[in-house]
Structure formats: C-alpha cells, structure tokens
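Top line first, the protein sequences correspond to chains P and H. Going by my numbering, the first residue of the first sequence is number 1, and it counts up by one from there. Going by my numbering, the first residue of the second sequence is number 1001, and it counts up by one from there. Cβ atoms here follow ideal geometry from the backbone N, Cα and C, with glycine treated the same way. Fair warning: this is a prediction, and the values are worked out from it, not measured in the lab. Please read the structure below before turning to the comments.
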Amino acid sequence: MSTPLNETVVLMKDIVKTFPGGVVANDHITFDLKRGEIHGLLGENGAGKTTLVNILYGLYKPDSGEIYVKGRRVKLNSPRDAIKLGIGLVPQHFKLVEVHTVVENIILGLKEYGFILRIREAEERIRELARKYGFRIDPKAKIWQLSMGERQYVEIMKALFRNADILILDEPTTVLTPQETEQLFKVLKRMKEEGKSIIFITHKLDEALTICDRITVLRKGRKIGTVTPDKVTKVDLARMMVGREVLFRISKSKMKVKAEKPILIVENLSVLSDKGVLAVKNVSFSVYPGEILGIAGIAGSGQEELMEAIAGLRKPVKGKIIIKGRDVTYASPREIYELNVAYIPEDRIRTGSLPNLTLWENLILKHHRRKPLVKHKIILNFKEIFKFAEKRKREFEIVAPNIFVPARTLSGGNLQRLILARELTGKPDLILAVYPTRGLDVGATEYVRKVLLRERDRGAAIVLVSEELDEIFQLSDRIAVIHNGELMGIVPTSQATVEEIGLMMGGALRR
Amino acid sequence: MKFKLKYSEKVKVIYTLYPVISIVIALAILSLVIYIIGVDPIKALYYLYFGMMGNYNYVSETLIRATPILLVSLGLAIAFTAKVWNIGAEGQLYMGGLIAAIVALNSGGLPSAIAIPLIWICAGLAGAAWAFIPAILKAKYEINEIFTTIMMNYIAIYFTSYMLHGPLRDPVSHFPETPTIPENTWLPRIIPQYRFHAGSLFSLVVLVPLVYIMLSRSTLGFKLKLVGSSRESARYYGVDVEKSIIYAMLLSGFFAGLAGANEVTGVVFKMRPEISPGYGFTGIAVALLGRLNAFGVMLASIFMGGLINGSYTMHRMAQVPVGVAYFVQGLLIILVVAGEYILKRIMLVKGVSVR
Chain P
1 MSTPLNETVV LMKDIVKTFP GGVVANDHIT FDLKRGEIHG LLGENGAGKT TLVNILYGLY
61 KPDSGEIYVK GRRVKLNSPR DAIKLGIGLV PQHFKLVEVH TVVENIILGL KEYGFILRIR
121 EAEERIRELA RKYGFRIDPK AKIWQLSMGE RQYVEIMKAL FRNADILILD EPTTVLTPQE
181 TEQLFKVLKR MKEEGKSIIF ITHKLDEALT ICDRITVLRK GRKIGTVTPD KVTKVDLARM
241 MVGREVLFRI SKSKMKVKAE KPILIVENLS VLSDKGVLAV KNVSFSVYPG EILGIAGIAG
301 SGQEELMEAI AGLRKPVKGK IIIKGRDVTY ASPREIYELN VAYIPEDRIR TGSLPNLTLW
361 ENLILKHHRR KPLVKHKIIL NFKEIFKFAE KRKREFEIVA PNIFVPARTL SGGNLQRLIL
421 ARELTGKPDL ILAVYPTRGL DVGATEYVRK VLLRERDRGA AIVLVSEELD EIFQLSDRIA
481 VIHNGELMGI VPTSQATVEE IGLMMGGALR R
Chain H
1001 MKFKLKYSEK VKVIYTLYPV ISIVIALAIL SLVIYIIGVD PIKALYYLYF GMMGNYNYVS
1061 ETLIRATPIL LVSLGLAIAF TAKVWNIGAE GQLYMGGLIA AIVALNSGGL PSAIAIPLIW
1121 ICAGLAGAAW AFIPAILKAK YEINEIFTTI MMNYIAIYFT SYMLHGPLRD PVSHFPETPT
1181 IPENTWLPRI IPQYRFHAGS LFSLVVLVPL VYIMLSRSTL GFKLKLVGSS RESARYYGVD
1241 VEKSIIYAML LSGFFAGLAG ANEVTGVVFK MRPEISPGYG FTGIAVALLG RLNAFGVMLA
1301 SIFMGGLING SYTMHRMAQV PVGVAYFVQG LLIILVVAGE YILKRIMLVK GVSVR
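This is the structure in structure tokens:
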C-alpha cells in the first residue's frame, strides 16, 4: 500500500469512450496522478472531464485503454471496485440524506458498523478525521442544518472514512463562497501533505492555477496538454481550453445618467419556497433603466424564488412588486411579459424552452398571439412565422440545420441563444436573467454577457442572478448580496471588493 | 458522416411509414395465429380484404363502420395533443346516443334540415357534458383523468341500460331499446342502393379538414400542443392551462357524442344498449395510429372500420373468430406505442450525432 512520494498512483492510458450516437467523450486520453499531488482537470463543459473520472470510479467502462492503480493493471466494473482500491469521488451534486446526521450519512452502506449500528465508534473516528484535516463539523448535526461548504466536507469525509487516498473532486467550488473556497483549499493542501492524491475538476482558470500542482487540459474529448502552473498564464490556459484567444475583459461603457424613475421596484417582498418555508425575506430594491443590478449569493439563497416572484411564477406572501409604475404583485406571467419583461430562466430545458417542439415553435412562444404572426385572430400565419423565426435564428447565430428541428437537439449554448432570441424580441424594458451563463462554455458565456451589456446600453433595466463573482463584477453596475433569503446590502460595483461581497454572501457582513 | 446522415434519413423514412409498417407486422402476427388455429392464412386474409373493400357495397359499409370511429378519434386527437388522456369516449358516445334518441323521438314535426343538426348538436353537448366532470376534476384538483373517464364509462353505459329497460323502452319491442325514431330525423343516404349516409360524408369532408385546421394551423391547436409538451412551461408562456385542459376534454367529449348521434340517426335509427361495440376504445388506437393528425386519423379509422367488417366476412367464410379484429387492434396499440417510442429514441440519439 505505501508508495513513495512522486510515485504514480493512477495511470490511465489511451482511454477511449464513445457514447451511443457517436459522441466521442474521451479520445485516447492519457492521464497520470502522482502521490501527494493535486492534479487539475480543466476543460469546458462537454470536454470529457467527468467522463474520464467516472471511468476511473467504475461508473463507465472505457471502450479501450488501460488503467493502472498503484502499479497494478485494474478492471473497474463498479464504484465498489474503485472504493476498494482507495478511490473516492466527491460528486458535483451531493448525495446526502438531508434528514440524517453526519455520522449516519458517512457510514451509510458500510457493513462493518453492523446491523445495530455502532454509532459511537464511528463518531469517534469522524472526530479524529476532522481534527486531522481541520474540518469543523459536529458529527451529530443533521445535514439540512449544514451550509453547502460543510456538506462538501461531509462528502470528503465519507471518502476518507472509506480509506480513500485518491480523491476526485468534481467542480467542488461551484456552491461555495470565496471564503469557503479558501477554506477548502486549506483542507486540500493538508490532505496533500498527508500523502493523498487529488484530482481536481474545474473550469475556473484561477482556481486551477492557485491550487493545482499540475493541470491537464481537455478539449472536446482530447487531451491538449499537461502543464505546471508556474509555466503558464491564465491566457495560455484559456487558449488551450477553448482553442482560440479569449477576451477576459468585456469593455463596459460608463452607465448613462441614471433615469429618475425605476423600472422595477421591489418592496418588503417575502416569498415562500416549494417547501413552504420563507425563501425571500423582506427584500427591497429598485432597478433603473440602463443599469444591471447583479444579485450575488450562494446558489439556493432565495434568488431563484425572488426572480420567479417578479416574473409572476410564484405568488409572494408579503410585499409589493411594481413594474413601470404598475402594481404586479399578484399578476400572471402573461400580464408581466406583456409589460415587455423578458425572463431568462435558470432551467433552460424545463422552463426556458420546450425541448420536444421545433425551433420555430420555441421562437414564437409568447409572441404567438401577436400580429403579423396571427391572422384572423386565431389562424397561425406560417409565412410570417417562418420569416420571423429565420430572422431570429440568423440574428442570434443559432447553429442548427433549420428551424424545423426540435429544440432538444441544440447544445446548451445554442439553446441559450434561442431563449435570448425569443426573450429579447420587442426590446424589453426589464430583463430578468437567472444564471444566464451556467453550464455554458467560454465562448457562449462571452456571447451572453455581451448581449446583456448591449441590452443595458440600449436602456433596458437588468436584474442578473449569478453565482460567479467574476460575472457579477464584470457586468453589474450595482451588486445586491443575498444570504439565506435576506438582502445583506447593495453596493456600487466601483466601491465593492471580492472579499467584502464574499463576507456578505456568507452572512458575516451587512451594508 | 455522409453514411451517418443517410442512416438517420433512413430512420426518418421508417418513422414516417411506421403506422403502415405496424399494420403489416400486426397482420403478419395475425396470419401466424390463423395458421396455428388451423386455417389457411392466405384464404383468411383474402376474405378479410374482401370484406373490407371487395366491392362497392363493402366499401360503403366500411365507411359507415369507420364514421363513429373517426368521430371519436378526431376528438381524442384533440385531447391527446394536450396530453389529456380521455379514455371515456365510450361513455360519452353512449350519452350522445341517448340524448340523440330522446331529441329525435320528440322532433317528429320538424323539417329534417333543422331536426338533424339539432339532434347532432344536442348529442355533442351531452358527450361534452359527460366529459366535463372528469375535465373539471382534472383541471381544478389534478385528479387523474384516466381513472375518472374509465369509471364514467360504466356509469354512462349502465345509466343508458336503465333508461332503455325503463323510461325509454319501446312498449311493443321485445328488446330493451327505444322506439324507432321518426323518419324525418334519419340521415339521408347519398348514393342510391348503398347505405352510405350524410353523416359519413359530413364527417369525412367537413369535420376532418376542420379538425386539421384547428390542430395544425390555429392558435388553439398551438396552445394545446404547448400544454401537451409541458404544463409548467405552458403556464409560464401565458397559456391558461386549466382552461385548455377543459377545452380539450369537452371537445373530445363533443365528438364522441356526435359518434353516438351518428349511430342513432344514420345506422340503427333507435337507441340500444349495444349501440357501440367499443368504438370509444377503438378510437384510442386509431388516434395514436393516425399520429393525432386529422387526415392520418381518417385513414386509420377507415382501416379499422374495414378490419371490423372484414373480420365478419372472414368469420363467415373461413371460420376465423370475429375477435381477431380486436386482437389486431390490441396488437396495433402495442406496436404503435412501443415502436414509435423506440424510433424516437433512435432519432434522438441520431439527432445528437448529426449535431
């Protein structure tokens, strides 16, 4: 078991994985992990990162290629085999039972703790692990009481508890505040010192450069190269990842003179979540034409519910929503979009589009009652509809063979273009954008951000919800921070610092 | 890549022709069964064909048989477009037939041009009213319409039976049935010597295009499609989902009611407990086989009407049980639903690879 430092613990050689339909997710990828290193796996969505680690974790079988773990050739038929070899996976979406305690979650599925659980024994071991690596967690706490950062620790401990010395972390920082991320990095360094090997999957360049000893960049299923952080710059990495130059600074013009009348006023708004608990607590703010108000917060802090309430999809329990001077607190979604409000929802597939319907059908949604798309009030005017759809498809550069293919055949970026094309028809006065770049690759992200800025410069008022602080800082004129449903304050971007916003996101600072 | 594109195109062609393919497969399985029970399948299939359209009279009979199925399935195509699963067309048909007979028996003095439309409209409304109960339960309380509509069938059929054994019974008949309706309420026959009547002609020439326009070219059809695609999103796009569900259900009930009127005023000229040999259920298969497209539904219902008639001929001439028509119908539902699902999966995967 004991391998000297710098020895290769994992070697994946010439891994090929093709999915049904001919998508080559891994095209002859060779990847190695040394003992005591943090090896970053960097790439855009769909680059094949997750597929590669799923193969290592026994979830997928490769079509060809060899896997060596600690010097021995292995065949992984299921995660059970991987766990036996000391491989642990911390998934992007945590798989914890919320109503159970930390201990219960950690020993879940382990036979050694008996039919009548020897909880106290397990608790002791967990405390020991926590001390060793610097986790601050009460083993008796219920999962739902924990923050996202703490839940991540539970997932990591779950792997350590099973004696994992090879840890795979899949996009671990997505749900963390900047401070929590820093905390996590400390833990990772500690684990590294203990001789653990870590595969760190990310698409964030800064993180890869900060924490990793080596970085392997994947693009479209191929390995582009393995580099060390001291030899490359962020720009180099981005070029490797995307395959072309990427602009990091989108030029933002100065905000024009603030208009007197806000487009959107939210007053003391309280909204319930699906579970019936208060997700938005007494929130007030206004948004003026020609400005972007960024709403920063950890995912799940109430921003989705807030935006749904403004879009008319969720009825508030208290407070007021006023759009262009009209009280729309209890208005229907249709009444709201007829006030020329665009909504770019979080869920592109379920709310943003109808995947089984064609492109043209998706493009005329919301507009299908308007002339000239309709004649004699009830008959669809196909000539005009197709003309309209073709024009939108061209303007927003939606890549698809024609307007008659179902929307589900579009890639994430193209689907977002389609939603933008539909929502931005008719020059909306208010745009509600919820995680508009989530899951998009760098190119598509750049496009969406540019479009949002263009709309702002045209004079639209925009509310932008994002979990990427980069994005918030780049686009917003003012930043509102939400923590646990409460507004912690609104800061002009020019006066805000990442640390301060981070503290506000964590609920430690109010302004 | 070129080869793959060709392959995906092949799948597309198979998908387009799949209703025909599934009929061929069903008939092949039928032949096998006929062979197993000891009859020459070629002979049996010949009589099946002959009974469907061997001469003009059989063609006329096939169209007559197809009409109630067509009416039911046009309505179901509307409901199914919105993914409202009305399994209660049979009951709605019975209520339509019952009301048609009552109105007809009381409109002896009216000229045909008024009496017949009046009967049809009343019957349609009766079918719609019967569908309204499950519709409102579905729209307001999200009660699964499949169960309620199925159960409503039994209520309608037994209620009709009660009416025919009791208040509406023809005092001079040996059977539980209404008296014969007055002749001015009979649907006129179009071609001398043949039973082909105005109800069939009206359904084929007027209602089919009307439903086609409604489903494929109107905002109502678009709305129903949105509701069928995703209720949650449809609500967001400003569609009144509850209202759409009610409309879809009422329209399908209306058409089923018309089917009842068609049988009473065009074929039987009275109301009977066995007015429908399950047209309301056959319509489900037909609506799916016709891919919820009005013209597709038309072709499918003519096929199904012919199949039922043909099975009688096959029974007489080749001693194959009449039940085979329903055997084929059952096979078709499975073949169509399962086959299309598989083909769609393949197309989905291919769609991905083409992208």
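Practice problem: Identify the contact partners of H/Ser1218 in chain P, using a Cβ-Cβ distance below 8 Å as the criterion. | Solution: The contacting residues are Ile378, Ile379 and Leu380.
Quiz item: For P/Tyr68, which residues does DSSP report across the bridge?
Solution: Its beta-bridge partners are P/Leu11 and P/Arg73.
Practice problem: Assign H/Met1347 to one of three DSSP states: helix, strand, or coil. | Solution: If DSSP states are grouped into helix, strand and coil, H/Met1347 belongs with the helices.
Quiz prompt | chain H contacts from the stretch 349 to 378 of chain P (Cβ-Cβ distance under 7 Å) | solution = Listed by position, the residues of the stretch 349 to 378 of chain P near chain H (Cβ gap below 7 Å) are Arg350, Thr351, Leu354, Asn356, Leu357, Leu365, Lys366, His368, Arg369, Val374 and Ile378.
Quiz prompt | Host alpha helix (DSSP H) of H/Asn1309 (start-end) | solution = H/Asn1309 -> alpha helix (DSSP H) spans Ala1294 to Ala1318.
Quiz item: For H/Tyr1236, which of P/Glu335, P/Val23 and P/Arg370 has the nearest alpha-carbon?
Solution: It is P/Glu335 whose Cα lies nearest to the Cα of H/Tyr1236.
Exercise. Report the rounded CA-to-CA distance for P/Leu176 versus P/Phe382, giving the unit in angstroms.
Key: The C-alpha of P/Phe382 is placed about 48 Å away from the C-alpha of P/Leu176.
Self-check item: For P/Arg326: DSSP bridge partner residues
Solution: Partner(s): P/Ile323.
Quiz prompt | Segment limits, beta strand (DSSP E) that includes P/Gly489 | solution = Element bounds for P/Gly489: Glu486 to Pro492.
Quiz item: What do you reckon, are the CB atoms on P/Pro333 and P/Gly319 nearer than 8 Å?
Solution: Cβ atoms of P/Pro333 and P/Gly319: not closer than 8 Å.
Quiz item: When DSSP builds the beta bridges, which residues end up paired with H/His1197?
Solution: Beta-bridge pairing links H/His1197 to H/Arg1189.
Self-check item: Inter-residue Cα distance where the pair is P/Val97 and P/Ala299
Solution: So the two alpha carbons sit approximately 19 Å from each other.
Exercise. Taking 8 Å as the cut-off, decide whether the C-beta atoms of H/Gly1260 and H/Tyr1094 are in contact.
Key: Yes. Within cutoff.
Quiz item: How many angstroms separate the CA atom of H/Ala1318 from the CA atom of H/Tyr1047?
Solution: Rounded to the nearest whole angstrom, the C-alpha separation of H/Ala1318 and H/Tyr1047 is 8 Å.
Quiz item: Does the Cβ of H/Gln1193 have 16 or more other Cβ atoms within 10 Å, making it buried, or fewer, making it exposed?
Solution: A residue is called buried when at least 16 other Cβ atoms come within 10 angstroms of its Cβ; H/Gln1193 does not meet this threshold and is exposed.
Quiz prompt | Nearest-angstrom Cβ-Cβ length linking H/Ile1034 and H/Val1320, presumed shorter than 8 Å | solution = Between H/Val1320 and H/Ile1034 the Cβ distance is about 6 Å, and since that is below 8 Å, they are a contact.
Practice problem: Check whether the Cβ atoms of P/Ile126 and P/Glu171 lie closer than 8 Å to each other. | Solution: Not a contact, by the Cβ cut-off of 8 Å.
Exercise. Could you tell me which chain P residues have their CB closer than 9 Å to the CB of H/Glu1242, listed as they occur along the chain?
Key: Near H/Glu1242 there are no residues of chain P at all, since even the closest Cβ is about 12 Å away, more than 9 Å.
Quiz item: In whole angstroms, what separates the C-alpha of P/Glu397 from that of H/Phe1222?
Solution: P/Glu397 and H/Phe1222 have their C-alpha atoms roughly 26 Å apart.
Self-check item: Neighbouring residues, chain H, relative to P/Leu313 (Cβ below 7 Å)
Solution: Identification of chain H residues near P/Leu313 by a Cβ-Cβ cut-off of 7 Å yields Tyr1236, ordered along the chain.
Quiz prompt | C-alpha distance - H/Thr1081 paired with P/Lys196, whole-angstrom precision | solution = One C-alpha to the other measures close to 57 Å.
Quiz item: For H/Gly1283, which three-state DSSP category applies?
Solution: H/Gly1283 falls in the helix class under three-state DSSP.
Exercise. Within its chain, find whatever has a CB closer than 8 Å to the CB of P/Leu469; leave out the 5 residues flanking it on each side and keep chain order.
Key: The residues are Pro178, Ala296, Val498, Ile501 and Gly502.
Quiz item: Can you give the Cα-Cα distance for P/Val374 and H/Leu1215, rounded to whole angstroms?
Solution: Our two residues, P/Val374 and H/Leu1215, have alpha carbons roughly 15 Å apart in a direct line.
Quiz item: Can you find a CB in chain H that lies within less than 8 Å of the CB of P/Arg334?
Solution: Judged by the 8 Å Cβ criterion, P/Arg334 is in contact with chain H.
Practice problem: Compare the Cα-Cα distances from P/Gly219 to each of P/Leu42, P/Glu338, P/Ser494 and P/Gly439 and report the closest residue. | Solution: Note that residue 219 of chain P is Arg in the sequence shown here, rather than Gly. The candidate whose alpha carbon is nearest that of P/Arg219 is P/Leu42.
Self-check item: DSSP state of H/Ile1333 mapped onto helix, strand, coil
Solution: Of the three classes helix, strand and coil, the one that applies to H/Ile1333 here is helix, per DSSP.
Exercise. Leaving aside the five residues before and after H/Ser1073 along the sequence, list all residues of the same chain whose C-beta is less than 6 Å from its C-beta, in chain order.
Key: Once the five neighbours on either side are set aside, the close Cβ partners of H/Ser1073 are Gly1283, Val1286, Ala1287, Val1297 and Ser1301.
Self-check item: Reference H/Pro1277; option with closest CA among H/Gly1253, H/Lys1010 and H/Met1304
Solution: Taking each of H/Gly1253, H/Lys1010 and H/Met1304 in turn and checking the Cα distance to H/Pro1277, the smallest one comes out for H/Met1304.
Quiz item: Using the beta-carbon count (16 or more within 10 Å), is P/Arg151 buried or exposed?
Solution: Taking every protein chain shown into account, the CB of P/Arg151 has 16 or more other CB atoms within 10 angstroms, so this residue is buried.
Quiz item: Can you list the residues of chain H that P/Tyr337 reaches, using a CB-CB cut of under 8 Å?
Solution: In chain order: Gly1238.
Quiz item: Could you give the residue range of the beta strand (DSSP E) that holds P/Glu267?
Solution: Note, P/Glu267: beta strand (DSSP E), Leu264 to Leu272.
Exercise. Below 6 Å CB to CB, which residues in the same chain sit around P/Ile378 once its five sequence neighbours on both sides are set aside?
Key: So the list is empty, once near-sequence residues are dropped.
Practice problem: Would you be able to state if there are at least three C-beta pairs under 8 Å between the stretch 359 to 366 of chain P and the stretch 397 to 413 of chain P? | Solution: Contact between the stretch 397 to 413 of chain P and the stretch 359 to 366 of chain P is present: three or more C-beta pairs spanning the two stretches fall below 8 Å.
Quiz prompt | chain H within 8 Å of P/Ser2, Cβ atoms only | solution = Low confidence applies to P/Ser2: its pLDDT is 48, below 50, so where it sits in the model is not reliable, and the reading given next is rough at best. By this cut-off, P/Ser2 is not an interface position.
Self-check item: Reference P/Glu338; option with closest CA among P/Thr351, P/Asp347, P/Arg370 and P/Ala309
Solution: P/Glu338 has its Cα closest to that of P/Arg370, out of P/Thr351, P/Asp347, P/Arg370 and P/Ala309.
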